[in-house]
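Just so you know, the sequence shown maps onto residues 1 to 263 in full-length UniProt numbering. Every residue gets a Cβ at the ideal spot worked out from N, C-alpha and C, and that includes glycine.
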Amino acid sequence: MQDINSFNAREIREAFRGGTLSQPTPGLAPGYVQANLVILPQSDAFDFLLFCTRNPKPCPILDVTEVGDWEPRQVAPGADLRTDVPLYRVWKSGTLVDEVTDIRDLWQEDFVGFLLGCSFSFEAVMLAAGLPVRHIEEGKNVPMYQTTIPCQSAGRFSGNMVVSMRPLTPKQAIQAVEVTGRFAKAHGAPLHFGNPEVLGIRNINSPDFGEAVTIRENEIPVFWACGVTPQLAIMKSQPGLAITHAPGYMFITDVRDEELTFS
């Protein structure tokens with residue numbers, strides 16, 4: 001059997017589609033941009049598009065599909081948003097009602113798919129720069145936390161920001177600002193490093209999403225805006241139906257990481 005570490009983005013998606021692979025995506029298809037997914041009926045799509053435009057740090061738009069079209073033609077021609085994510089979440093009136101690996105039977109003719117940038121996209125660059133990425137080291141999903149930072153409201157959508165965390169030494173944190181700041185479409189530079197209570201996070205060892213990772217004695221938590229933010233907005237705003245990726249189970253595009261950077 002082919003080593004999963006040698007799979008490119010298309011091969012990973014085909015493995016998800018065929019049911020031969022289902023796992024969190026950190027570290028998979030290194031060099032390819034990973035994306036958060038939100039699917040909404042057309043009646044809610046404009047408000048959500050406006051929400052993303054007003055909150056580009058947690059919600060950087062990579063692609064928006066045509067109404068009823070499950071193919072993200074700009075970032076992964078030939079892909080299928082109904083099958084190519086390893087784990088989906090189904091929301092009804094803001095309540096999580098199911099997690100599934102295939103949404104073909106749930107697809108509606110008025111659905112619009114949104115793909116949003118993800119911080120997994122800069123992790124290969126962090127590793128290449130000699131910066132540790134602890135959740136990859138430990139084989140875990142990235143830790144993510146709800147904060148008290150409010151997003152700008154748009155139409156029916158509002159809510160607080162979610163952040164992801166990677167522990168680094170203070171010197172490494174400064175380097176990470178430079179390395180990740182070039183990836184504006186993947187959340188860019190960190191929002192904060194140090195005391196998590198500033199963000200309203202009470203227990204760094206109990207993330208709201210993902211898994212806790214080891215923070216060593218000489219390290220501090222470093223926080224980036226996170227594309228799980230729309231899921232909080234869905235919980236608060238309660239659209240009749242929404243489908244998202246499960247946190248850490250991303251859509252992998254054909255776009256290369258370097259295409260998201262600016263010189």
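Beta-ladder partner(s) of residue i, from DSSP
i, result
"Leu-168", "Ile-220"
"His-187", "Its beta-bridge partners do not exist; DSSP assigns none."
"Asp-84", "For Asp-84, which the question treats as bridged, DSSP gives no partner whatsoever."
"Glu-66", "Answer by DSSP bridge pairing: none, since Glu-66 is not bridged."
"Val-100", "Tyr-88"
"Pro-150", "Asn-160"
"Tyr-195", "Per the sequence shown, the amino acid found at residue 195 is Asn instead of Tyr. BP columns for Asn-195 are empty, so no partner."
"Asn-36", "Leu-116"
"Tyr-249", "None, per the DSSP bridge assignment."
Residue i classed as buried or exposed, judged by whether at least 16 other C-beta atoms fall within 10 angstroms
i, result
"Pro-170", "exposed"
"Val-228", "buried"
"Asn-205", "exposed"
"Asp-98", "exposed"
"Arg-166", "buried"
"Glu-123", "buried"
"Asn-141", "buried"
"residue 264", "Lying outside 1 to 263, the shown extent of the chain, residue 264 is not represented and no answer is given."
"Arg-202", "exposed"
"Ile-12", "buried"
"Ser-237", "buried"
Coarse secondary structure for residue i, derived from DSSP in three states
i, result
"Pro-41", "strand"
"Asp-110", "coil"
"Met-235", "helix"
"residue 272", "This structure does not reach residue 272, given that the chain is present from 1 up to 263, and the question cannot be answered."
"Glu-138", "coil"
"residue 268", "As displayed, the chain neither begins before 1 nor continues past 263, which places residue 268 out of reach and without an answer."
"Glu-259", "helix"
"Ala-124", "helix"
"Ala-225", "strand"
"Leu-131", "coil"
"Asp-105", "helix"
"Phe-48", "helix"
"Ala-242", "strand"
"Pro-12", "Sequence inspection shows Ile at residue 12; the Pro mentioned does not correspond to that position. In this structure, Ile-12 counts as helix in the three-state DSSP scheme."
"Thr-95", "strand"
"Thr-180", "helix"
Pairwise C-alpha distance: residue j and residue i
i, j, result
"Gly-130", "Pro-207", "26 Å"
"Ser-22", "Phe-193", "32 Å"
"Asn-55", "Gln-152", "6 Å"
"Gly-117", "Pro-77", "17 Å"
"Pro-196", "Asp-257", "29 Å"
"Glu-138", "Lys-185", "26 Å"
"Cys-226", "Gln-34", "12 Å"
"Ile-136", "Pro-26", "7 Å"
"Ile-149", "Tyr-32", "30 Å"
"Gln-172", "Glu-109", "48 Å"
Residue-chain proximity (residue i, chain D), Cβ-Cβ < 7 Å
i, result
"Gly-159", "Absent from the structure: chain D. Only one protein chain is present."
For the pair the region 153-163 and the region 215-232, tell me if three or more CB-CB distances fall below 8 Å.
yes
Segment contact flag, the region 91-102 with the region 45-55, C-beta cutoff 8 Å, min 3 pairs
no
Can at least three beta-carbon pairs, one atom from the region 36-46 and one from the region 214-222, be found at a separation below 8 Å?
no
Is the region 60-74 touching the region 106-114 in the sense that three or more CB pairs, one from each, lie closer than 8 Å?
yes
For the structure I just gave you, are there three or more beta carbon pairs, one from the region 239-250 and one from the region 36-43, closer than 8 Å?
yes
Does the structure place the region 82-89 close enough to the region 247-258 that three or more beta carbon pairs sit under 8 Å?
yes
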